[in-house]
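Be aware that the sequence shown starts at 1, since it is given in our numbering, and climbs by one per residue.
Every residue gets a Cβ at the ideal spot worked out from N, C-alpha and C, and that includes glycine.
Notes to accompany the following structure.
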Amino acid sequence: MVEKSFEIVKSRYEQEEGSLHIRVKGKPVVWQRCIPKWSLNKMWNGNQKLQNRFHKTLCDKFGGSMELPIFKAKQAVEVKMIFSLERPGNQFKAKTKKGSSIGRLYRNIFPKSLAKWPTVGRDVDNLAKWLMDKPFKGVLIDDDAQIVHLDVWKKYDNRGNCNGHIDIIVKKASSPQEAEVKMDCGLDKNDEEVIVID
1 MVEKSFEIVK SRYEQEEGSL HIRVKGKPVV WQRCIPKWSL NKMWNGNQKL
51 QNRFHKTLCD KFGGSMELPI FKAKQAVEVK MIFSLERPGN QFKAKTKKGS
101 SIGRLYRNIF PKSLAKWPTV GRDVDNLAKW LMDKPFKGVL IDDDAQIVHL
151 DVWKKYDNRG NCNGHIDIIV KKASSPQEAE VKMDCGLDKN DEEVIVID
């Protein structure tokens with residue numbers, strides 16, 4: 001996150017289904033590599049400060065009303081993350097037809113910009129790693145190893161002033177038998193047609 005504070009603007013926990021939905025207002029940023037600090041004889045983690053702040057925000061939100069972590073150790077979970085990146089200024093109309101200045105609002109986005117994906121800059125794997133490295137642990141899950149299915153999207157923000165937010169969905173994993181149906185990639189339907197490349 002680039003913003004110095006985090007705000008959980010929406011959350012919903014459905015105990016029967018075992019699913020948690022969270023929307024966090026803020027600009028997504030990527031995980032940074034740790035840098036060696038030779039003078040201190042240790043590695044410097046540039047992610048730590050903001051990750052701790054994000055972790056505290058989750059603790060403050062759920063710690064008083066729920067036993068943490070919400071999804072206990074060894075419980076398999078599926079995680080979906082949707083990173084809505086802030087829209088660049090050049091995707092907005094600068095002025096109305098009458099010449100007055102207009103702001104960063106969804107209705108002021110150029111129609112052709114709505115069809116664009118953010119294909120440069122932040123990688124989805126580093127966006128996801130930033131969240132899973134520290135903020136999730138001890139609050140939403142006990143350990144990364146619990147995640148058996150990870151679904152990550154990045155797109156441009158289409159809400160309000162389009163400055164960015166993150167949607168997180170964590171739920172109990174379906175049974176391995178049910179998951180097999182979802183995992184079918186269509187290659188096993190007719191084994192005779194499979195071409196083996198040496």
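Item                                                                                                                                                       : Value
Which residue wins for smallest C-alpha separation from Y156, given the options V148, R53, L150, H165?                                                     : H165
Should W153 and I70 be called a contact, given that it needs their Cβ atoms to be closer than 7 Å?                                                         : no
Take the Cβ of C185 as the centre, count every other Cβ of all protein chains shown within 10 Å, and call the residue buried at 16 or more, exposed below. : exposed
Short check: CB of K171 to CB of E78, under 7 Å?                                                                                                           : yes
Which of helix, strand or coil does DSSP assign to E180?                                                                                                   : helix
Do you know how far the Cα of Q177 is from the Cα of L209?                                                                                                 : Only positions 1 to 198 of the chain appear in this structure, which leaves residue 209 out of reach.
Am I right that K112 and Q51 are in contact with their C-beta atoms under 8 Å? What's the rounded C-beta distance?                                         : Not quite, the Cβ-Cβ distance comes to about 36 Å (not below 8 Å), so this is no contact.
Closest by CA to D167, which one among A115, I22, D151?                                                                                                    : I22
Applying the 10 Å Cβ sphere with the 16-neighbour rule, what's the burial state of D144?                                                                   : exposed
Taking C-alpha atoms, which residue in L58, G63, G121, L131 lies nearest to Q48?                                                                           : L131
If you drop the 5 nearest sequence neighbours on each side, which residues of the same chain put their C-beta closer than 7 Å to that of M1?               : Only weak support is given to the placement of M1: the predicted model assigns it a pLDDT of 39, under 50, and the value that follows is read from those uncertain coordinates. Cβ within range, chain order: G26, K27, P28, V29, L50, F54.
According to DSSP, is D144 helix, strand or coil?                                                                                                          : helix
Relative to the C-alpha of V124, which candidate in E86, D151, D60 has its C-alpha closest?                                                                : D151
I need the DSSP call for R53, collapsed to helix, strand or coil.                                                                                          : helix
Do you know offhand how far F92's Cα is from R104's?                                                                                                       : 7 Å
According to the Cβ coordinates, are A73 and V148 closer than 7 Å?                                                                                         : no
Since M132 is in the beta strand (DSSP E), which residue starts that stretch and which ends it?                                                            : Here M132 belongs to no beta strand (DSSP E); instead the alpha helix (DSSP H) covers 124-133.
Once you ignore the five residues that flank V9 on each side, which residues in its own chain have a CB closer than 6 Å to its CB?                         : R23, K25
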